[in-house]
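If you're matching positions, the sequence shown starts at 52 in the working numbering and goes up one per residue.
Notes to accompany the following structure.
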Amino acid sequence: MNTVRDRSIAKIQTTLVKQQEVAEIASARKRKLLLRRLSMFFVFAVVVSYFMISSYIHQTTTLDAKMVQKGQLDKELADLQKKQRILKEDIIKLNDDDYIAKLARKEYFFSDNNEVIFTIPEENQSKN
């Protein structure tokens, strides 16, 4: 009683049915191409985004390293400018004969006429 009968239904072969089948096939093909294009675009967008982000991170780390190096070089430049200023002052002083005479008497114990030099040991030398 509950027998299932297998019936084959024949399709009507009219031009309208053929046009609809062609339209369905074209629609399926368009949908498939759209999905392919969207997936390729997504893959391309992911690859480009990866390269952009990695480039940004690399540039940021390089910039940070350069900023640290710049700070160190600025400090070194300030020290060198200070040293240069001191050396220029020494050059000016060394062109003065009175300064040279005073320096020679102090460092090398040269004496002027009728002058006696006494050396007094410093506190640091007496402790050692």
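Positions of the beta carbon are idealized from the N, C-alpha and C atoms, including for glycine.
With distances taken between CB atoms, is the gap from residue i to residue j smaller than 9 angstroms?
| i | j | result |
| --- | --- | --- |
| F161 | T170 | no |
| D163 | A152 | yes |
If contacts are defined as beta-carbon pairs under 8 angstroms, then residue i and residue j qualify, I think. What distance do you get, rounded to the angstrom?
| i | j | result |
| --- | --- | --- |
| Y150 | K144 | 5 angstroms |
Could you give the residue range of the alpha helix (DSSP H) that holds residue i?
| i | result |
| --- | --- |
| A61 | Taken as a continuous stretch (DSSP letters only), A61 belongs to no alpha helix (DSSP H), as it is neither H nor E. |
Please classify residue i: does DSSP put it in a helix, a strand, or coil?
| i | result |
| --- | --- |
| V167 | coil |
| S162 | coil |
| E72 | helix |
| T65 | coil |
| D147 | coil |
| E173 | coil |
Among residues of its own chain, excluding the 5 on either side of residue i, which ones have a beta-carbon nearer than 8 angstroms to its beta-carbon?
| i | result |
| --- | --- |
| T66 | none |
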